[in-house]
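Counted the way my numbering counts, the sequence shown spans residues 626 to 1074.
All C-beta atoms in this analysis are idealised placements derived from N, C-alpha and C, irrespective of residue type, glycine included.
Heads up, the thing below is written out as structure tokens.
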Amino acid sequence: MSQDLRSYLDLVESKDELVRISAPVDPRHEVTALVAKLARERRRRPVLLLENVKGSALPVVTNLHASRRRMALAMNAEPRGVQQAFLKAMERPVAPVVVDTGPVKEVVRTGADVDLLALPQIVHHGADAGPYITAAISFAKDPEDGTWNCAYNRLMIMGKDRTSIHITASKHLWEFYQKAEARGEALPVAFAVGVHPAIGLGALAIGSIDEDERAIMGGILREPLELVRCETSDLLVPAHAEIVLEGEIVPGERTPEGPFSEFTGYSLGERQREVVRYNAVTMREGALFHDIAVAQVDHLLLSTIPMESNLYRAVRAIVPSVAAVRVPAPYSCYVAINQRVPGQAKNAILAVLGADMYIKRVVVVDHDVDIFDDREVAWALGTRCQADRDITVISNTRGSDLDPSTDSDGYTAKWGVDATAKPSLAEYTPRNRIPRDVLERIDLDKLGL
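This is the structure we're talking about:
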């Protein structure tokens, strides 16, 4: 499988799902406005290639992930098989390989030639404090044992060679930085911007701190991810990336960051964040700048696929008869199980809440409920659930620092609802059923319907 963004864009364009826009586009609000207006007024979510973005020579690619079908294309899978394809990649990772060079080395700028202001200065929403890089995938190593981590981290551009960085507390990059800062050392980090979506999906895999996301990327690609060495550190980055930003997270320094309008749909206020200083920028000739359309389907679907796969794996370890897992909205999860013994629904709730810090609401239903139909889930809640018996609340847990409802930076309560039939589905009041033979003999075409 190809490992570069351009080959994937060619594939998407061949499916008539890419729109090129040659008219000038203002990076301040207009990029996000185009994505939002197309979805609201035309019900369309194509990939957009903006060829003339004011203030920069680099074209912008956005709305890349706004279709489950396109994500399936990136994984060489069918849309209904995306979750299983991701699980297979997690369970059968493919180790990366180091190559001597790659397209990302076609242009190399170091020292005084580094200029982040030459990148498209995209401001996504009205209250945002400034331009952000939203599609930056970090590549970093534990300073003590060399364990690798990849993740998406938002970067607010603060000058030619400086950004802030949002690092989620207690996540793996945060652990690496805590160790480096305690030693008074900077943490080397490199950010890839503009990669094949399989690489982006792999970066969002959730697992143990010693689980190498680069090998999961290889599992999705079904071949080893090709990596090249950075110019100013020993970090390894995707050889076929459009752009790589090489830098280091500075010890002991914080800066005001935000407000920024996040995936939750809310603008979160200014906070103190870590600082990244940049030493080099490498890129392809004619590089494309990838932007994630914040709080749009592009943003939400990208993280949903890895999250659902991880949660399915977590529930399956406790409840082997799990049928399906869905993340329908921020901080929420639906689980369908074939409950063989009492108590498995509550076990599934606990498995989900423990497996992902972002999830704070879980609804568990029987396997006869289609969790991809919100009306069915609401029906199960209304007809199989008693609040005083079936709701579990867990206080004082670590959650998301992007949740605007928390009283203090990510310290939250979580809750789960057992909406399964009691004492069992087999013993519960039977559902209305239309005889199968009647449904089969009704011919809507003959009836002119």
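- Going by C-alpha positions, ARG896 is about 18 Å away from VAL748.
- The straight-line gap separating the alpha-carbon atoms of TYR1036 and LEU1027 is approximately 11 Å.
- In terms of Cα proximity to SER692, the closest of PRO684, GLU703, VAL685 is GLU703.
- Using a Cβ distance threshold of 8 Å, ALA1044 and ARG1000 do not count as a contacting pair.
- The segment 1048-1068 makes no contact with the segment 972-985; the number of CB pairs closer than 8 Å stays below 3.
- If you look at ARG986, you'll find it in the beta strand (DSSP E) that goes 986-991.
- A Cβ-Cβ contact shorter than 8 Å links VAL869 with ALA815.
- Closest by C-alpha distance to CYS958, out of ASP916, VAL1042, ARG1014, is VAL1042.
- Proximity to ARG717 across ALA840, GLU810, ALA920 peaks at ALA840, based on C-alpha coordinates.
- Contact check for VAL900 against GLU871 fails: the beta carbons are separated by 8 Å or more.
- For GLY680, the CB contacts under 8 Å within the same chain, skipping 5 residues up- and downstream, are PRO652, PRO745, GLN746 in chain order.
- Taking 8 Å as the cut-off, the Cβ atoms of ASN904 and THR735 count as close.
- Counting of Cβ neighbours within 10 angstroms places THR1054 among the exposed residues, the total staying below 16.
- DSSP places HIS915 in the uninterrupted beta strand (DSSP E) bounded by 914-916.
- In the DSSP assignment, the residues bridged to TRP773 are LYS766.
- In the three-state scheme derived from DSSP, where H, G and I count as helix and E and B as strand, MET700 is classed as coil.
- Taking a contact to require three or more Cβ pairs closer than 8 Å, the segment 662-672 and the segment 788-802 do not qualify as touching.
- A check of alpha carbon separations from GLU851 across MET842, GLU910, SER858, THR857 identifies MET842 as the nearest.
- Considering only VAL940, ILE962, PHE914, ASP1070, the residue with the shortest C-alpha distance to PRO684 is PHE914.
- Inter-segment contact for the segment 844-864 and the segment 874-892 is absent: fewer than three beta-carbon pairs are separated by less than 8 Å.
- Going by C-alpha positions, VAL724 is about 19 Å away from GLU910.
- Going by DSSP, VAL818 is part of the beta strand (DSSP E) stretching over 812-818.
- For GLU887, no alpha helix (DSSP H) run applies, since DSSP gives it neither H nor E.
- For the pair LYS1071 and ARG1056, the Cα-to-Cα distance works out to about 29 Å.
- Here LEU780 is near TYR757, since their CB atoms are less than 8 Å apart.
- Under a 10 Å Cβ-count criterion, PHE885 is classified as buried, with 16 or more other Cβ atoms of the shown protein chains found around its own Cβ.
- For LEU675, the closest alpha carbon among the candidates ARG695, VAL650, LEU689, VAL990 is that of VAL650.
- The C-beta distance from LEU634 to VAL678 rounds to 16 Å, too long to fall under 8 Å, and the pair is not in contact.
- The C-beta distance from ILE930 to LEU846 rounds to 15 Å, too long to fall under 8 Å, and the pair is not in contact.
- In the DSSP assignment, LYS1039 falls within the beta strand (DSSP E) that extends over 1036-1043.
- For ILE943, the enclosing alpha helix (DSSP H) begins and ends at 922-943.
- Here DSSP, grouped into helix, strand and coil, assigns ALA737 to helix.
- Taking the Cα of ASP738 as reference, the smallest distance to any Cα among LYS785, SER789, VAL947, GLY755 is reached at LYS785.
- One Cα belongs to ILE1067, the other to ARG1061, and the distance between them is close to 10 Å.
- Spanning the alpha carbons of ARG1014 and LYS971 requires a straight line of approximately 12 Å.
- Taking ALA918 as the centre and dropping the five residues before and after it, the same chain places the C-beta of THR657, VAL660, THR687, ASN688, HIS924 closer than 7 Å to its C-beta, in chain order.
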